[in-house]
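Residues in the sequence shown are numbered from 116 upward in steps of one, following the working numbering. What follows is one structure encoded as structure tokens, with my remarks underneath.
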Amino acid sequence: MLKHLLRLMTALVLVGALTGCQTATDKLERKLKVNEPVVTVYFAKYEEVETALKTAMVHYPTRVDNTEAGIFETDFVKGDSRFKRPDKPNEEYTSGYRYRLIVRLVRGNDAGRSAVKVVVLKQIELARDFFATTETIQSDGLEERVILYRIGRELRIARALQK
Numbered sequence: 116m117l118k119h120l121l122r123l124m125t126a127l128v129l130v131g132a133l134t135g136c137q138t139a140t141d142k143l144e145r146k147l148k149v150n151e152p153v154v155t156v157y158f159a160k161y162e163e164v165e166t167a168l169k170t171a172m173v174h175y176p177t178r179v180d181n182t183e184a185g186i187f188e189t190d191f192v193k194g195d196s197r198f199k200r201p202d203k204p205n206e207e208y209t210s211g212y213r214y215r216l217i218v219r220l221v222r223g224n225d226a227g228r229s230a231v232k233v234v235v236l237k238q239i240e241l242a243r244d245f246f247a248t249t250e251t252i253q254s255d256g257l258e259e260r261v262i263l264y265r266i267g268r269e270l271r272i273a274r275a276l277q278k
């Protein structure tokens with residue numbers, strides 16, 4: 116009787132553990148949507164967010180910088196200028212791998228406070244050879260999150276310096 120109870124308890128624990136792991140994986144996949152723009156809202160003035168964006172994007176080649184429309188677009192980033200993941204510092208890319216970043220700033224208000232929604236999209240292209248058409252690759256969202264982190268950090272630094 117005790118053996119049956121022990122086996123039943125072990126089976127229940129294993130089923131619970133396996134179900135929990137699957138549920139956590141599903142939740143993580145829903146949270147990390149691949150190839151969708153990464154969005155954050157900052158409660159600050161538009162000019163402050165724009166300044167923080169330009170400081171965060173200073174190392175990227177600029178293609179479009181339209182302040183009035185709230186569009187900042189980089190030229191194609193390639194070669195040694197490409198983003199290097201901290202968990203894979205020695206990752207090699209082919210010479211045809213290139214990408215550009217498109218950042219949009221949208222003005223808004225929330226309960227009387229000015230808010231700016233920042234949308235970052237990374238468009239990756241891979242050209243296998245000169246004659247082939249370019250292939251679109253999905254982004255994992257890490258570089259976009261890094262840019263949003265840098266914008267938030269610049270805003271915090273600017274607020275601290277004002278005090």
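Glycine included, each C-beta is placed from N, C-alpha and C at the ideal position. Treat the numbers as computed from the prediction; the structure is a model and nothing was measured.
Residue i vs residue j beta-carbon contact at 8 Å
i: ARG219; j: GLY185; result: yes
i: LYS237; j: GLU259; result: yes
i: ARG200; j: LEU257; result: yes
i: VAL235; j: LEU276; result: no
i: PHE158; j: MET172; result: no
i: GLU163; j: ALA247; result: no
i: THR182; j: GLU165; result: yes
Residues bridged to residue i (per DSSP)
i: SER229; result: ASN224
i: GLY236; result: The sequence as given places Leu at residue 236; Gly does not occur at that position. Looking at the DSSP assignment, LEU236 forms a beta bridge with ILE217.
i: ILE252; result: ILE239
i: TYR157; result: VAL231
i: PHE191; result: DSSP lists no partner for PHE191.
i: ILE186; result: ASN181 and ARG219
i: TYR212; result: LEU241
Inter-residue CB distance, residue i and residue j (contact presumed, cutoff 8 Å)
i: VAL192; j: TYR175; result: 6 Å
i: LYS160; j: SER229; result: 6 Å
i: THR177; j: THR189; result: 6 Å
i: ARG222; j: TYR208; result: Actually they are not in contact, since the Cβ atoms of ARG222 and TYR208 sit about 36 Å apart, beyond 8 Å.
Residue i: CB within 7 Å of a non-hydrogen atom of the ligand ZN
i: GLU258; result: In the structure shown, the ligand ZN is absent, as is every other ligand, since no ligand is present at all.
At least 3 beta-carbon pairs within less than 8 Å: the region 257 to 271 vs the region 239 to 248: no
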